[in-house]
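Heads up: the structure comes next, in structure tokens.
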Amino acid sequence: MRRRAFIAALGGAAAWSRAGRALADTVRTVGVLMPASERDMASARLFDALLRSLAQLGWRDGANLKVEVRWANNEAARAKTYAQELVTLKPDVIVAPATSFQPVREATRSIPIVFLLIVDPIAQGSVSSLAHPGGNFTGFAFAEFSIGGKLVELLKEVAPHATRVLALLDPDNAATTEWWRSIEDAARELGLEPQQALARTADEVEAAIRAFAQAQNGGMIVPAQSRFVSLSQRLIASAARERMPAAYGATVFAREGGLLSYSSDAVDQFSRAASYVDRILKGANPGELPIEQPTKFDLIVNLETAKALGLTIPPSILARADEVIE
Numbered sequence: 667m668r669r670r671a672f673i674a675a676l677g678g679a680a681a682w683s684r685a686g687r688a689l690a691d692t693v694r695t696v697g698v699l700m701p702a703s704e705r706d707m708a709s710a711r712l713f714d715a716l717l718r719s720l721a722q723l724g725w726r727d728g729a730n731l732k733v734e735v736r737w738a739n740n741e742a743a744r745a746k747t748y749a750q751e752l753v754t755l756k757p758d759v760i761v762a763p764a765t766s767f768q769p770v771r772e773a774t775r776s777i778p779i780v781f782l783l784i785v786d787p788i789a790q791g792s793v794s795s796l797a798h799p800g801g802n803f804t805g806f807a808f809a810e811f812s813i814g815g816k817l818v819e820l821l822k823e824v825a826p827h828a829t830r831v832l833a834l835l836d837p838d839n840a841a842t843t844e845w846w847r848s849i850e851d852a853a854r855e856l857g858l859e860p861q862q863a864l865a866r867t868a869d870e871v872e873a874a875i876r877a878f879a880q881a882q883n884g885g886m887i888v889p890a891q892s893r894f895v896s897l898s899q900r901l902i903a904s905a906a907r908e909r910m911p912a913a914y915g916a917t918v919f920a921r922e923g924g925l926l927s928y929s930s931d932a933v934d935q936f937s938r939a940a941s942y943v944d945r946i947l948k949g950a951n952p953g954e955l956p957i958e959q960p961t962k963f964d965l966i967v968n969l970e971t972a973k974a975l976g977l978t979i980p981p982s983i984l985a986r987a988d989e990v991i992e
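Quick look at the structure:
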């Protein structure tokens with residue numbers, strides 16, 4: 667009896683071993699290089715949105731999927747190091763949002779890449795065709811640079827007294843030159859005096875806003891750059907201290923206390939990116955997956971902040987707003 671039990675146990679162990687190997691054979695690896703810090707709540711929400719959508723498609727981290735995530739903390743050198751580290755792990759696909767894309771692209775020409783939050787990939791020279799990106803990558807465009815001009819127009823509508831506008835820009839972002847051109851052109855057309863400030867750290871952001879606020883009748887534009895999203899709370903607090911009306915290119919700002927934002931939804935992009943990861947894991951060629959453009963932009967107005975700044979939001983803005991925070 668004991669012999670039969672022992673043989674049965676051996677058989678069960680062998681079956682379990684075969685099942686374990688079969689499960690291991692089906693586990694796929696996805697690398698993710700996040701530009702900011704894991705302590706940044708906005709970035710953490712984006713990463714969570716990706717994981718949730720992958721789970722809805724049947725890919726669960728710790729089951730049939732292994733997710734290797736690295737957080738670059740908005741440091742170019744760290745992003746380059748982590749990109750190379752992820753490539754060494756030989757994942758099936760790498761997800762590279764915003765400024766993470768270039769170091770990943772430089773690190774591999776063979777591993778599939780899904781990029782997100784890239785502003786106008788054709789204008790930046792990332793691809794020559796949205797329909798057929800070619801190579802080993804595809805992804806989701808976040809906006810066009812014309813949004814910079816739209817932000818200036820919105821700022822002028824809600825703060826008609828403004829005669830000067832500050833463009834807060836990231837000197838390490840490849841899109842900064844195009845953002846500045848868009849904002850500068852729109853400002854001059856509306857009779858505003860444009861000025862740019864390049865900032866990397868929260869202290870530099872605060873110093874730039876404080877210096878600009880020394881003169882009256884100023885407003886600020888903060889385009890969609892991942893560095894400033896990670897500094898959103900300090901940035902918003904600094905603008906509030908200086909009573910500076912500002913228009914932002916990412917929804918997180920208005921929801922955290924900024925005056926208004928006009929942007930496509932970053933959370934939605936991370937959710938949609940899961941569908942491309944899924945298709946690539948099932949054998950799709952990333953170079954044949956068209957780069958998707960944003961189809962909807964949301965205008966969010968924070969009335970509480972407007973009241974604190976002594977501003978009355980025009981009815982025309984409220985009528986166009988997709989969300990009003992009271």
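Residues in the sequence shown are numbered from 667 upward in steps of one, following the working numbering. Heads up, the beta-carbon is just placed ideally off N, CA and C, and yes, glycines get one too. Since this is a predicted model, take the numbers as computed values, not measurements.
- Leu783 and Ala764 do touch by the CB rule: their CB atoms are close to 4 angstroms apart, below 8 angstroms.
- The closest CA to that of Gly815, considering only Ala807, Val831 and Leu969, is found on Val831.
- In the DSSP assignment, Asp964 falls within the unbroken beta strand (DSSP E) covering Asp964 to Asn968.
- Pairing Ala874 with Ala881 gives a Cβ-Cβ distance that is not under 9 angstroms.
- Inclusion of Phe767 and Ser792 in the CB contact set at 9 angstroms is warranted, their separation being smaller than that value.
- Taken through DSSP and simplified to helix, strand or coil, Ala807 comes out as strand.
- In the DSSP secondary-structure assignment, Phe781 is bridged to Ala762 and Gly805.
- According to DSSP, Gln891 shares a beta bridge with no other residue.
- The beta carbons of Ser703 and Asn730 sit about 29 angstroms from each other, so the pair does not count as a contact at 8 angstroms.
- The three-state reading of DSSP puts Ser794 in coil, since its state is none of H, G, I, E or B.
- In the three-state reduction of the DSSP assignment, Ile902 falls in the helix class.
- With a threshold of 16 other beta carbon atoms within 10 Å, Asp714 falls short and is exposed.
- Within the model, the alpha-carbon separation for Asp869 versus Phe811 is close to 27 angstroms.
- Note on Asn839: 16 or more other CB atoms within 10 angstroms of its CB, so buried under the neighbour-count rule.
- Taking Ala833 as reference, the option from His827, Ala906, Ile983 and Ala912 with the minimal CA-CA separation is Ala912.
- Going by beta carbons, Pro960 and Gly801 fall outside the 9 angstroms limit.
- Ranking Lys756, Ala825 and Met886 by CA distance to the CA of Ile849 puts Met886 first.
- Your pair Val696 and Asp758 checks out as a contact, with CB atoms roughly 7 angstroms apart and the cut at 8 angstroms.
- In the DSSP annotation of this structure, Glu751 is not part of any beta strand (DSSP E); the continuous alpha helix (DSSP H) holding it starts and ends at Ala742 to Thr754.
- C-alpha of Thr917 to C-alpha of Ala745: approximately 25 angstroms in a straight line.
- Residue state for Arg736 is assigned as strand, using DSSP reduced to three classes.
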